[in-house]
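**Q**
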Amino acid sequence: MPIEKIEMINFRNHKNMVIDFSPGINIIWGENGSGKTSILEAVYILSNGKSFKTNKLTEAIKNGSTETTIRAHFESATTTLHQAIGSPKKIKTNNAFKTTKDLIGKNPTVLVSPEEEKITNGPHLERRKYFNRLYSNVSPAYLSNLIKYSSAVKNRNTLLKQRKTTKEVEVWNEPVAKYGSLIWLEKQNLEKSFNKELGFVCKKYNKNIVVNIDSSTPKNPNKKDLLSALETSINKDVLTKRTNNGPHTDKYDINLNNNNLRVYGSQGEHKLSFVIIKITEHLFIKKQTGKNATLLLDDLFSKLDLKRGNAIFDLIKESTQTIITNTDLVGVEKHGIDINNPNNKTKHLERNWKN
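Numbering-wise, the numbering used here comes out as the position in the sequence shown, counting from 1, plus 578.
Below you can see the structure in the form of structure tokens.
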């Protein structure tokens, strides 16, 4: 569902900003430091319940203020998030209190930004976080099991750190094995579907390359085997003070033409694979949910060559709401985006913008 309007009060460097969006292409341009990325961040937060810039939303409160409010207007709903220093965040949709879980998957976004490049060049943790977030957006069951699993692992790890008895720790083996095996079972199907879409995108944009995701998910995951692994590794878990088996330890590798991208990939190959994965993410969400995710492109065209930028633009042309940030309009126009099209909107921001 396209976002119609965003309101930001004391958010980052915006004191009171309101921006209306087109269901098509929206271009926010201005010099660095004018607050362009903050607008994408606000949209992202109201889609995912968390920021891609920080783990602490209080850091997004404007200097000199003690609280911030951001509000997104959709066709049939208005979602508001309020964060005050020293208080938990409060989320409402149409005046009904909601949780972060309630936001995930409702109005999906696909973010293409420098922060997301860790998917290809970062450690396994970054890819694990990425795919957990993606799969949670397309599967309520996956999200529910992930929340329960994470809670069980956290409780088990707490007891391990407190050096509790083996019997006390093993109380949590059952829920860890139950929800961990359910996650693995669904992850198998989702990974297969994602790789299928990935193959389609590769053939469409560059027939000479093959990108695929390879994970350490067991071939035949089941509760019994995970339970056995937890019992067998108890001495190691006590020694390391952490749970060493389960989906939270999964490793993800991105392979480009059968070579591990993180180990052998050049900078150009990383950029190419990143763009392909992001295009696939959008198509995957649509295939799994029927929803057209809003594309958030942060200063993309200044970082990609014309060919890779045009690959993203091919997706934009397919009736997808897109919010683009760039330092100028020239970089956007060279990719064929008509800024004079009445269906597109532009917004110019100035540094130290006064609202």
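Even glycine gets a Cβ: it sits at the ideal position worked out from N, Cα and C. All values derive from a computational prediction rather than experimental measurement.
#1: Pull up the CB-CB distance for V621 and A871, whole angstroms please, since I reckon it's below 8 Å.
#2: How far does the beta strand (DSSP E) with V789 in it extend, from its first residue to its last?
#3: Using only the alpha-carbon positions, how far apart do A730 and K684 sit?
#4: So which of E859, I812, N786 and P796 has the shortest CA-CA distance to N836?
#5: Does the contact criterion of 3 or more C-beta pairs under 8 Å hold for the stretch 584–601 versus the stretch 666–683?
#6: Between the beta-carbon of V690 and the beta-carbon of T867, is there less than 8 Å?
#7: Taking buried to mean at least 16 other C-beta atoms within 10 Å of its own C-beta, is I584 buried or exposed?
#8: Tell me the rounded alpha-carbon separation between W931 and K726.
#9: Leaving out five residues before and five after K819 in sequence, what residues of the same chain have Cβ atoms less than 6 Å from its Cβ?
#10: Is the Cβ-Cβ distance between D876 and L618 less than 8 Å?
#11: Run the CB neighbour count on E694, radius 10 Å, all protein chains shown included, and call it buried at 16 or more, exposed below.
#12: Taking the alpha-carbon of V816 as reference, which of T736, D831 and Q845 has the nearest alpha-carbon?
#13: Is A719 buried or exposed, if buried means 16 or more other CB atoms sit within 10 Å of its CB?
#14: Pull up the distance between the alpha-carbon of N933 and that of F652, whole angstroms please.
#15: Which residue marks the beginning of the beta strand (DSSP E) containing L689, and which one marks its end?
#16: S811 to P796, Cα distance in whole Å?
#17: State buried or exposed for K856, treating a residue as buried only when at least 16 other CB atoms are found within 10 Å of its CB.
#18: Using the Cβ count rule (16 or more neighbours within 10 Å means buried), how would you classify E746?
#19: Examine the Cβ distances between the stretch 797–804 and the stretch 753–764 and report whether three or more of them are shorter than 8 Å.
#20: Is it buried or exposed for Y830, if we count other Cβ within 10 angstroms and need 16 for buried?
#21: What are the start and end residues of the alpha helix (DSSP H) that includes V841?
#22: State the Cα-Cα distance for the pair N626 and T678, rounded to the nearest angstrom.
#23: For the alpha helix (DSSP H) containing H860, list its first residue and its last residue.
#24: Taking the beta carbon of Q845 as the centre, do at least 16 other beta carbons fall within 10 Å, making it buried, or is it exposed?
#25: Which residue's Cα is closest to the Cα of Y842: L873, T698 and E704?
#26: On a Cα-Cα basis, can you pick out the residue from R929, S616, N641 and I639 that is closest to F630?
#27: In three-state terms, what does DSSP make of K670?
#28: Check whether the stretch 605–612 and the stretch 661–670 are in contact - that is, three or more C-beta pairs closer than 8 Å.
#29: What are the boundary residues of the beta strand (DSSP E) that F652 is part of?
#30: Kindly indicate which residue of F862, D828, E645 and L624 has the alpha-carbon position closest to the one of N591.
#31: In its own chain, which residues sit with a C-beta less than 7 Å from the C-beta of D916, not counting the 5 before and 5 after it?
**A** So, to answer that:
#1: The sequence position of residue 621 within the sequence shown is 43, counting from 1. The sequence position of residue 871 within the sequence shown is 293, counting from 1. In fact, because the Cβ distance is near 11 Å, the residues do not count as touching under 8 Å.
#2: Along the sequence shown, one-based indexing puts residue 789 at 211. Per DSSP, V789 belongs to the beta strand (DSSP E) from V789 to S793.
#3: Taking the sequence shown and counting its residues from 1, one reaches residue 730 at position 152. Taking the sequence shown and counting its residues from 1, one reaches residue 684 at position 106. Across the structure, A730 and K684 are spaced so that their CA atoms are roughly 26 Å apart.
#4: Here residue 836 corresponds to residue number 258 of the sequence shown, with the count starting at 1. Looking at the Cα atoms, N786 is the closest of the given residues.
#5: Three or more beta-carbon pairs separated by less than 8 Å are not found between the stretch 584–601 and the stretch 666–683, which leaves the two stretches without contact.
#6: The sequence position of residue 690 within the sequence shown is 112, counting from 1. The sequence position of residue 867 within the sequence shown is 289, counting from 1. Cβ distance not < 8 Å, so V690 and T867 don't count as in contact.
#7: In the sequence shown, counting from the first residue as 1, residue 584 sits at position 6. Classification of I584: buried, given that the 10 Å Cβ count is 16 or more.
#8: Here residue 931 refers to the residue found at position 353 of the sequence shown. Here residue 726 refers to the residue found at position 148 of the sequence shown. At W931, the pLDDT of 45 sits below 50, so the modelled position is not reliable; the number obtained from the coordinates is stated separately. Roughly 44 Å between the two C-alpha positions.
#9: Position 241 of the sequence shown holds residue 819. By the criterion of a C-beta distance shorter than 6 Å, K819 is surrounded in its chain by L738 and K739, once the five residues flanking it on both sides are discounted.
#10: To locate residue 876, count along the sequence shown from 1; it is residue 298. To locate residue 618, count along the sequence shown from 1; it is residue 40. Cβ atoms of D876 and L618: closer than 8 Å.
#11: Here residue 694 is taken as the residue at index 116 of the sequence shown, counted from 1. Buried, because 16 or more other Cβ atoms sit within 10 Å of the Cβ of E694.
#12: By 1-based counting over the sequence shown, the position of residue 816 is 238. If we check each option's Cα against that of V816, T736 comes out closest.
#13: As a first step, residue 719 must be located in the sequence shown, where it is residue number 141. A719 comes out exposed.
#14: Taking the first residue of the sequence shown as position 1, residue 933 is located at position 355. Taking the first residue of the sequence shown as position 1, residue 652 is located at position 74. Caution is warranted here: a pLDDT of 48 is assigned to N933, below 50, making its placement in the model unreliable, and no coordinate value can be reported.
#15: Reading the sequence shown from its first residue, position 111 is the one you call residue 689. T687 to V690 is the extent of the beta strand (DSSP E) around L689.
#16: For the purposes of this step, residue 811 is taken as the residue at position 233 of the sequence shown. For the purposes of this step, residue 796 is taken as the residue at position 218 of the sequence shown. Rounded to the nearest angstrom, the two C-alpha atoms are 17 Å apart.
#17: What you label residue 856 is simply residue 278 of the sequence shown in a count that begins at 1. Buried, by the Cβ-count rule.
#18: Here residue 746 refers to the residue found at position 168 of the sequence shown. Exposed, since its Cβ has fewer than 16 Cβ neighbours within 10 Å.
#19: With the rule of 3 Cβ pairs closer than 8 Å, the stretch 797–804 counts as touching the stretch 753–764.
#20: Here the question's residue 830 lines up with position 252 in the sequence shown. Around the beta carbon of Y830, 16 or more other beta carbons sit within 10 angstroms, so the residue counts as buried.
#21: The residue labelled residue 841 in the question sits at position 263 within the sequence shown. Where V841 is concerned, the enclosing alpha helix (DSSP H) stretches over L839 to Y842.
#22: For this step, residue 626 is matched to residue 48 along the sequence shown. For this step, residue 678 is matched to residue 100 along the sequence shown. Approximately 7 Å between the Cα atoms of the pair.
#23: Numbered from 1 along the sequence shown, position 282 holds the residue referred to as residue 860. Note, H860: alpha helix (DSSP H), Q845 to T867.
#24: Here residue 845 refers to the residue found at position 267 when the sequence shown is read from its first residue. It is exposed - the Cβ of Q845 has fewer than 16 other Cβ atoms within 10 Å.
#25: Here residue 842 refers to the residue found at position 264 when the sequence shown is read from its first residue. Comparing Cα positions, the closest option is T698.
#26: In the sequence shown, residue 630 corresponds to position 52, counting from 1. Taking only the C-alpha atoms, the option nearest F630 is S616.
#27: The sequence position of residue 670 within the sequence shown is 92, counting from 1. Three-state DSSP puts K670 in a strand.
#28: When C-beta atoms of the stretch 605–612 are compared with those of the stretch 661–670, fewer than three pairs fall below 8 Å, so the two segments do not count as touching.
#29: By 1-based counting over the sequence shown, the position of residue 652 is 74. Run containing F652: E645 to F652, per the beta strand (DSSP E) assignment.
#30: Within the sequence shown, the letter at position 13 stands for residue 591. That would be E645, whose Cα lies nearest to the Cα of N591.
#31: In the sequence shown, counting from the first residue as 1, residue 916 sits at position 338. If we look at D916 and ignore the five residues flanking it on each side, its Cβ neighbours are N922.
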